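Visitor:
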Amino acid sequence: MKTAAATLSLAALANAAAPESAFHFNRLLTGYAAACRGADTLDVKVTPESVAWDFQDFSGESTGTATYCVMENDIYRAPGNWRFAFESATYSGNVKLSGDTTVERLGTYLHMMASYVTNPPATHDTLEWALRAGPLGNFVAANTTLNPDESGNFEVVTKPDAEGWSPCFFKNSTTDYFKFQMGHQTMLYWNEGAEATGKSELGPGLKLTLKMKWEECDASLDAISKWGEAVKKPENWNPYT
Numbered sequence: 025m026k027t028a029a030a031t032l033s034l035a036a037l038a039n040a041a042a043p044e045s046a047f048h049f050n051r052l053l054t055g056y057a058a059a060c061r062g063a064d065t066l067d068v069k070v071t072p073e074s075v076a077w078d079f080q081d082f083s084g085e086s087t088g089t090a091t092y093c094v095m096e097n098d099i100y101r102a103p104g105n106w107r108f109a110f111e112s113a114t115y116s117g118n119v120k121l122s123g124d125t126t127v128e129r130l131g132t133y134l135h136m137m138a139s140y141v142t143n144p145p146a147t148h149d150t151l152e153w154a155l156r157a158g159p160l161g162n163f164v165a166a167n168t169t170l171n172p173d174e175s176g177n178f179e180v181v182t183k184p185d186a187e188g189w190s191p192c193f194f195k196n197s198t199t200d201y202f203k204f205q206m207g208h209q210t211m212l213y214w215n216e217g218a219e220a221t222g223k224s225e226l227g228p229g230l231k232l233t234l235k236m237k238w239e240e241c242d243a244s245l246d247a248i249s250k251w252g253e254a255v256k257k258p259e260n261w262n263p264y265t
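Residue numbers are given in our numbering: position 60 of the sequence shown equals residue 84, and the series is strictly consecutive.
#1: Strictly by DSSP, which residues pair up with Glu85?
#2: Kindly list the residues whose CB is nearer than 6 Å to the CB of Glu152, restricted to its own chain and excluding five residues on each side of it in sequence; keep chain order.
#3: If I measure Cβ to Cβ from Val119 and keep anything under 6 Å in the same chain, skipping five residues before and after, which residues do I get?
#4: Using 10 angstroms around the beta-carbon of Trp261, count the other beta-carbons present and answer buried if the total reaches 16, otherwise exposed.
#5: Give every residue of the same chain whose Cβ lies closer than 7 Å to the Cβ of Glu259, excluding the five residues on either side of it in the sequence, and list them in chain order.
#6: If you draw a straight line from the alpha carbon of Ala157 to that of Asp67, how long is it in whole angstroms?
#7: Could you have a look at Asp124 and say whether DSSP puts it in helix, strand or coil?
#8: Could you tell me if Gly222 is buried or exposed, where buried requires 16 or more neighbouring beta carbons within 10 angstroms of its beta carbon?
#9: When the Cα of Asp250 is compared with those of Met236, Ser190, Leu234, which residue comes out closest?
#10: I'd like the list of long-range same chain contacts for His48, defined as Cβ closer than 6 Å, with 5 residues on each side in sequence excluded.
#11: What is the DSSP secondary structure of Ala154, reduced to helix, strand or coil?
#12: Does Ala29 come out as helix, strand or coil in the three-state DSSP assignment?
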């Protein structure tokens, strides 16, 4: 007979389950990216516990325009029969505030795109592709001073507005039958106060750590066809052209 303590221990182990290794980013595609203008301005580390970004070029001033980093990141070597979600986002950096100026919004917005062949094992010329998209969560610190210390250093933890899971990854998901992308936007807006005597500044530099959780799942064409929402695409479209 199981004790209550044993049952709780088993539940904790189940909740803590994770694959031996996480996915990898094959390439980073930057769009409107004034705050991450090239691979030499950012670092990323992916483990089963977290995705950690170091945006070395991320900075903003309250007297300037909003600061953006927008990317599409190709995922490959994802662990088969697993899916993930983000539990929280931690922002850290340095901020200097003037008067009653606050950060209107420091936020990260994440989604995934899943492209997959619906008629395997077809030949290259007869492949039929489907495309679906789903949210992974918005992580926003709003109307805040970020609570910096005397030196201006801050660390803020945010939770997602809603839980969003990735699709269940297929084994050997780097084949020509599948492609997964993670869309990423991190942005900064200011709310300049009436009592400000000068400009407020954030950066240069921002670190973002996305805490991950994992769940085992059964990957199939039927399951992925029900994940997220279908995206309209041109006839004969495929993600590699």
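Here a beta-carbon is modelled for each residue, glycine too, at the ideal position from N, C-alpha and C.
If you're wondering where the values come from, they're calculated on a predicted model, not measured in any experiment.
Guide: For this structure:
#1: Here residue 85 refers to the residue found at position 61 when the sequence shown is read from its first residue. According to DSSP, which records beta bridges pairwise, Glu85 is partnered with Glu225.
#2: Looking up residue 152 in the sequence shown gives position 128. So the list reads Thr142, Asn143, once near-sequence residues are dropped.
#3: In the sequence shown, counting from the first residue as 1, residue 119 sits at position 95. Excluding positions up to five away in sequence, the list reads Leu170, Pro172, Gly176, Phe178, Leu226.
#4: Reading the sequence shown from its first residue, position 237 is the one you call residue 261. So Trp261 counts as exposed.
#5: For the purposes of this step, residue 259 is identified with residue 235 of the sequence shown, where counting begins at 1. Correct list: empty, nothing qualifies.
#6: Your numbering for residue 157 matches position 133 in the sequence shown. Your numbering for residue 67 matches position 43 in the sequence shown. Near 26 Å, if we compare the C-alpha coordinates of Asp67 and Ala157.
#7: Residue mapping note: residue 124 aligns to position 100 of the sequence shown, counting from 1. The answer is coil: DSSP assigns Asp124 none of H, G, I, E or B.
#8: Mapped onto the sequence shown, residue 222 falls at position 198. When all chains shown are included, Gly222 counts as exposed.
#9: Position 226 of the sequence shown holds residue 250. In the sequence as presented, Asp is not what sits at residue 250; that position holds Lys. Measuring from the Cα of Lys250, the nearest candidate turns out to be Ser190.
#10: Here residue 48 corresponds to residue number 24 of the sequence shown, with the count starting at 1. Sequence-distant partners of His48 (beyond 5 residues in either direction) whose C-beta falls short of 6 Å from its own C-beta, in its chain, are Tyr100, Arg101.
#11: Reading the sequence shown from its first residue, position 130 is the one you call residue 154. Residue state, collapsed to three classes: strand.
#12: Taking the first residue of the sequence shown as position 1, residue 29 is located at position 5. Confidence at Ala29 is low in this model, with a pLDDT of 47, below 50, so the placement of that residue is unreliable and no value is reported for it.
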